[in-house]
Every structure is written in structure tokens, then in C-alpha cells.
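Chains as they are written, first to last, in our numbering: chain R, 751 to 932; chain A, 95 to 216.
All residues carry an ideal CB built from backbone N, CA and C; glycine is no exception.
Given the structure is predicted, the values throughout are model-derived calculations rather than measurements.
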Amino acid sequence: MKKIKDFMGIVVAFSIITIVTITPVYAQQKSKLTDPEIASAAVVANQNDIDFAKIARQKSKNEEVLKFAETMAKDHKAVIDQAVALVTKLKVTPKDNTLSRKLTADAANTKKMLLSKSAKSFDKAYIDNEVGYHKAVIATVETVLIPQSTNEELKGLLQNVVPALKAHLEHAEMVQKMFASK
Amino acid sequence: MRRLLKISKKGVAVLFAITCLYSCTSPEERIKKNEVAVSTKAHTVVIQQMKFAPAELIVNEGDTVTWINRDIVDHNVTEEANKEWSSSNLRQGKTWSMVVKKAATYFCTIHPVMKGKLIVKQ
């Protein structure tokens, strides 16, 4: 019994450490990013959520989860299209950097985790991740990408994206509550 | 002959009273009584920053409301309680109009956290 309690204690402690360290990590970006690096990070952050939505479409049977995933895929694609149009207009080539690499690496782990879930536990895992991911991305956009971007059009595009990210977060929390009440 | 004269005098008096009453009624009261046609108005709701602006719109029955999507992402406008009416999905820059028949709360089915209200003046 004591062993189980100890094990549960370790699991809870590990979960807390994971949440505390992962959530704000993108917002703790130390070195200043250039506009091409910011454009790259923005595209990667949006693409990650499209990839998570693709997994949801494959694995979920829940109508609310599927509707949410469809919205994520469409909205983040629309943001990428706008970003691509802007960098094309500005003749800027998005440049890989520590932040975009971190976003890609973390997303690879998340995809692995989501794919490993059973049909029963997938929906909650997906929505929980969407809540955490949107919180982390909103913090990064507001505290790193917007303040560090020098081109006014790029800054404007990022500012326009924040309300959509916040609406996605609110929507994800709404679906999350449905799972909590079941 | 005298009797006929009496009747016609009464008739004139009644007609005079009706005319007087009608002209003494205010335009607002006549609108309420459906005695005159009400000119309808056009209103615009802008969809921007994931919000309907204004979120609450006061209209008269028969007024036309046009929604315009200024966001990057698609939106729609759907009656909330029974989905009695709905626009198709509106891309950036697209509009949709509707003549208001009754008060309603509405939302965007793509982003269910976005809500708006049409209030019809009584």
C-alpha cells in the first residue's frame, strides 16, 4: 500500500514538474529572434496543431472532438497561408532557430504520446494537450514573437492571431469540461 | 326632409370627430396601430477579432442585418436555440444578410464561444 502511495506521489510530482517546465518554456526564449526566425516559429507552431488535429481525425469518434479538430486544422491553415503570403510579399525566407526546433521536437513527443493512446483515453489526452499547447503558444506569441518582431506587418499579423488562439483555448476548455463532467 | 337633414348633420359631426381623432394621434401611436408603413433600416455587424461587433443589436422587426467577416478565419452566423436560420461559412471579406423577424441569440458553429444577440424593439 505504502509502495503504491509512494509511486502515486512520484507520478503527481513528475506531472507537476512537467506542466511547470513545459508550459512556459517557449516564452523563456533568451536570445532575440530575427523576423525570419519569428516567421519560422509561427509557421511551425501552427503546423504542429494541424498535425495534432490529423491524429484526432484518425483516432476519435467523439463529435465534439472531431468538430474541434476540424476547426483547428482549418484555422491554423488559414494563419499559415497568411504568413506565407506575407513573407512572400516581404521577400523573407523563414529561418530555422532554437525556438522552432524546440517546438518541432516537443510536437514529435506529443504526437507519439497521442498515437499511443487507446481509443478510450485519446479524446481526453488530445483536449488536455490542446489546452496546454494553446496556453503555451499564446504566452510565446504575446511575450516573445510580438515584442521581438521589427516588421510592422509581421507584428500586425501576430497580433491578429492572438484572439483566434484565445478563442481556441476557450473552446478547448469548454470541451475539456464536458469530459470532466462525464 | 327635416329628418334627412338631421341624419346628415349627425353624419358630418361623426365624420368630423373621426378626422379630428385621427389627426390628433401621434405618428408613434399610428405606427403601433399599423396605420402607417414603417420604413425599415439596415444594420451591419462586423465579425472581427473573434467577436461580433456590436454583440447586441437593437432592431425593428423587418430591419435587415448584414454580417461581414473581417477575420482571417472562416465564421458563420447561426441561430442558437433551434438553428432556425444559418449563414453558410463566410470567408474573409464575405457578407451575409437577413431580414429580422424575431429576437434571437446566435453564435458561430465553428467557434462556439462567439455569441451575439438581436433584440427586437416592442
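Given that Val207 of chain A touches chain R, what residues does it touch there, using C-beta distances under 8 Å? Contact annotation for Val207 of chain A against chain R: Ala917, Glu920, His921 and Met924 [CB-CB distance below 8 Å, chain order].
Would you mind stating whether Ala789 of chain R and Pro844 of chain R have Cβ atoms separated by less than 8 Å? Cβ atoms of Ala789 of chain R and Pro844 of chain R: closer than 8 Å.
Cutoff 8 Å: Gln832 of chain R Cβ touching any chain A Cβ: Taking Cβ atoms only, chain A reaches closer than 8 Å to Gln832 of chain R, which makes this a yes.
With a cut-off of 8 Å, does the C-beta of Asn812 of chain R fall near any C-beta of chain A? Not closer than 8 Å to any Cβ of chain A, the Cβ of Asn812 of chain R fails to qualify, so no.
Does DSSP classify Leu180 of chain A as helix, strand or coil? Residue 180 of chain A is actually Ser in this sequence, not Leu. Looking at Ser180 of chain A - three-state DSSP - the assignment turns out to be strand.
Can you list, in chain order, the residues of its chain with a C-beta nearer than 6 Å to that of Thr160 of chain A? Leave out the 5 residues immediately preceding and following it. Counting only Cβ-Cβ distances below 6 Å, and skipping sequence neighbours, we find Thr138, Thr189 and Ser191.
So which residues on chain A does Ala914 of chain R lean against when the C-beta distance must stay under 9 Å? Under the 9 Å cutoff, chain A gives Gln143, Met144, Asp165, Ile166, Val167 and His205.
So His137 of chain A is in the beta strand (DSSP E); what residue range does that whole segment cover? Here the beta strand (DSSP E) through His137 of chain A covers Ala136 to Gln142.
Hey, is Val829 of chain R's beta-carbon within less than 8 Å of any beta-carbon in chain A? Yes, its Cβ sits closer than 8 Å to a Cβ of chain A.
Below 6 Å CB to CB, which residues in the same chain sit around Lys867 of chain R once its five sequence neighbours on both sides are set aside? These residues qualify, in order along the chain: Ala875.
On the criterion of 16 or more Cβ atoms from any shown chain inside 10 Å, does Ala198 of chain A qualify as buried, or is it exposed? Counting the other CB atoms within 10 Å of its CB gives Ala198 of chain A a total of 16 or more, which places it among the buried residues.
Where do the N-terminal and C-terminal ends of the beta strand (DSSP E) with Met192 of chain A fall, by residue? Run containing Met192 of chain A: Thr189 to Val193, per the beta strand (DSSP E) assignment.
CB Ile166 of chain A to CB Ala828 of chain R, shorter than 8 Å? Yes; because the gap between Cβ atoms is below 8 Å, this pair is in contact.
Under DSSP, the alpha helix (DSSP H) around Glu903 of chain R begins and ends at which residues? Taken as a continuous stretch (DSSP letters only), the alpha helix (DSSP H) holding Glu903 of chain R covers Glu902 to Ala930.
Give every residue of the same chain whose Cβ lies closer than 8 Å to the Cβ of His921 of chain R, excluding the five residues on either side of it in the sequence, and list them in chain order. These residues qualify, in order along the chain: Phe818 and Thr821.
Under 8 Å, do Lys916 of chain R and Ile888 of chain R count as touching if we go by C-beta distance? The answer is yes: Cβ separation under 8 Å.
Please confirm whether Asp825 of chain R has its beta-carbon closer than 8 Å to some beta-carbon of chain A. Using beta-carbon distances, Asp825 of chain R counts as an interface residue toward chain A, with a partner under 8 Å.
Does Ala910 of chain R come within less than 8 Å of chain A when only Cβ atoms are used? Here residue 910 of chain R is Asn; the residue named in the question, Ala, does not match the sequence. By the rule that beta-carbons nearer than 8 Å mark a contact, Asn910 of chain R touches chain A.
In the DSSP assignment, the alpha helix (DSSP H) including Leu864 of chain R goes from what residue to what residue? Start and end: Thr848 to Ser866.
Leu904 of chain R to Lys135 of chain A span [Cα, whole Å]: Leu904 of chain R and Lys135 of chain A have their C-alpha atoms spaced approximately 39 Å apart.
Quick check on this structure: which residue in R:Thr784, R:Met924 and R:Gln808 has the alpha carbon closest to the alpha carbon of Asp878 of chain R? Closest option to Asp878 of chain R, Cα to Cα, is R:Met924.
Suppose you measure from the CA of Asn176 of chain A to the CA of Glu155 of chain A; what does that come to, to the nearest Å? It is roughly 20 Å from the alpha-carbon of Asn176 of chain A to the alpha-carbon of Glu155 of chain A.
Under DSSP, the beta strand (DSSP E) around Asn163 of chain A begins and ends at which residues? That run of the beta strand (DSSP E) goes Thr158 to Asn163.
Residues of the stretch 853–881 of chain R with a CB closer than 7 Å to any CB of chain A: list them in chain order, please. Closer than 7 Å at the C-beta level to chain A, one finds no residue of the stretch 853–881 of chain R.
Can you check the stretch 787–820 of chain R for any alpha helix (DSSP H) of at least 4 residues that lies completely inside it and give the ranges in chain order? Runs of the alpha helix (DSSP H) inside the stretch 787–820 of chain R: none found.
Just to confirm my understanding: we take Ile830 of chain R, look at its own chain, exclude 5 residues before and 5 after, and list those with CB closer than 6 Å. What are they? Excluding five sequence positions before and after Ile830 of chain R, the CB atoms of its chain that fall closer than 6 Å to its own CB belong to Val793 and Asn796, given in chain order.
Cβ of Thr821 of chain R within 8 Å of any chain A Cβ: Using a CB distance cut-off of 8 Å, Thr821 of chain R counts as an interface residue toward chain A.
For Ala858 of chain R, which option in R:Ile800, R:Met928 and R:Lys782 has the closest C-alpha, if you only look at C-alpha atoms? Measuring from the Cα of Ala858 of chain R, the nearest candidate turns out to be R:Ile800.
If we count the other Cβ atoms within 10 Å of its Cβ and call it buried at 16 or more, is Lys885 of chain R buried or exposed? Its Cβ being crowded by 16 or more others within 10 Å, Lys885 of chain R is buried.
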